[in-house]
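Numbering (this note's numbering), first residue to last: 8 to 219.
Cβ atoms here follow ideal geometry from the backbone N, Cα and C, with glycine treated the same way.
Here's the structure we're looking at; comments come further down.
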Amino acid sequence: MPIAQYKISRSGVSFRLLLFLAFFLLVIVNYRFWFFLPARFLLVEDKLGRSDCIVPLGGNLWSRYSKAAQLYRQGYARAILVSATPERYKELRRLYDFEYILLGLGEVTRKDIALRALRYFGVKTEDIFFTDNEVTSTFDEAVATCQFMQQKGWRSLILITDTYHMRRALLVFSLVFKNTGIRIFNSTAVNPLDCPRRWWERESDAKAVLLE
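What follows is the structure in structure tokens.
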């Protein structure tokens with residue numbers, strides 16, 4: 008190989024190496040921006056409008072029910088629709104509901120807890136409704152909610168769930184409610200313990216982002 012051609016080839020390799028190093032340093036310096044992207048994808052902007060009912064999904068009762076009650080008090084809807092969750096098998100109650108048993112509340116049902124939580128946040132008992140079918144997943148909740156609303160003739164809802172769960176929940180509800188004419192609004196129940204911008208630093212946030 009001629010010396011001139013060798014020098015050109017070598018300088019080309021050096022230039023590409025410098026570009027790679029510069030890009031690598033850029034990624035390192037701005038790692039928070041790149042790491043934030045997975046959580047950023049899960050974040051959904053609130054879309055609110057007056058509706059027939061508010062639907063807080065099962066899970067974090069404090070954040071979801073308090074958000075539902077807030078919108079209820081603000082007049083966005085006069086009904087809150089909660090999905091009925093199956094009661095635990097008796098042999099498992101001691102494992103999962105031990106705290107309730109110690110407090111003498113071993114016979115308290117999930118429905119009782121939902122009613123008490125919503126009343127605690129200022130919702131009238133007569134404005135709280137439960138789906139007919141028991142649910143164990145977001146898809147089940149969407150189906151049960153859709154069936155109940157069609158029976159009632161309700162045409163719109165506000166979906167309430169946590170920060171990381173909203174995008175998937177909206178997707179599931181949109182698929183189930185397709186061609187029903189029922190309009191879906193959404194409002195995120197912000198959990199003060201969640202930290203989307205630094206999700207990789209905490210185990211609970213990391214699990215939520217990766218599982219969604």
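Shortest alpha-carbon distance to residue i belongs to which of the options?
i, options, result
"asparagine 198", "Arg190, Ile167, Ala176", "Ile167"
"aspartate 59", "Ile87, Gly66, Ser70", "Ile87"
"leucine 127", "Arg57, Thr152, Ala76", "One detail in the question is off: residue 127 reads as tyrosine in this sequence, not leucine. Taking only the C-alpha atoms, the option nearest tyrosine 127 is Ala76."
Is it buried or exposed for residue i, if we count other Cβ within 10 angstroms and need 16 for buried?
i, result
"isoleucine 189", "buried"
"tyrosine 72", "buried"
"leucine 178", "exposed"
"phenylalanine 180", "buried"
Go through its chain and collect everything with a Cβ distance to residue i's Cβ below 7 Å, but skip five positions before and after it.
i, result
"alanine 176", "Leu64, Thr145, Leu166, Thr168"
"glutamine 81", "none"
"lysine 14", "Low local confidence applies: a pLDDT of 48 at lysine 14 is under 50, so the model's placement there is unreliable, with the coordinate-based value given in what follows. Answer for lysine 14: no residue qualifies."
"alanine 124", "Leu68, Tyr72"
"serine 194", "Asp53, Leu55, Lys74, Leu78, Ile165, Ile167"
For the putative contact between residue i and residue j, defined by C-beta atoms under 8 Å, what is the C-beta separation to the nearest angstrom?
i, j, result
"alanine 196", "lysine 74", "4 Å"
"phenylalanine 155", "threonine 143", "With 8 Å as the limit, phenylalanine 155 and threonine 143 do not qualify as a contact, their Cβ atoms being about 17 Å apart."
"serine 163", "phenylalanine 136", "Not really, about 15 Å apart at Cβ, beyond 8 Å."
When DSSP labels each residue in this structure, what does residue i get in the three-state scheme?
i, result
"serine 90", "strand"
"arginine 175", "helix"
"arginine 1", "With the chain covering 8 to 219 only, the question about residue 1 has no answer from this structure."
"valine 62", "strand"
"alanine 121", "helix"
"serine 70", "helix"
"leucine 110", "coil"
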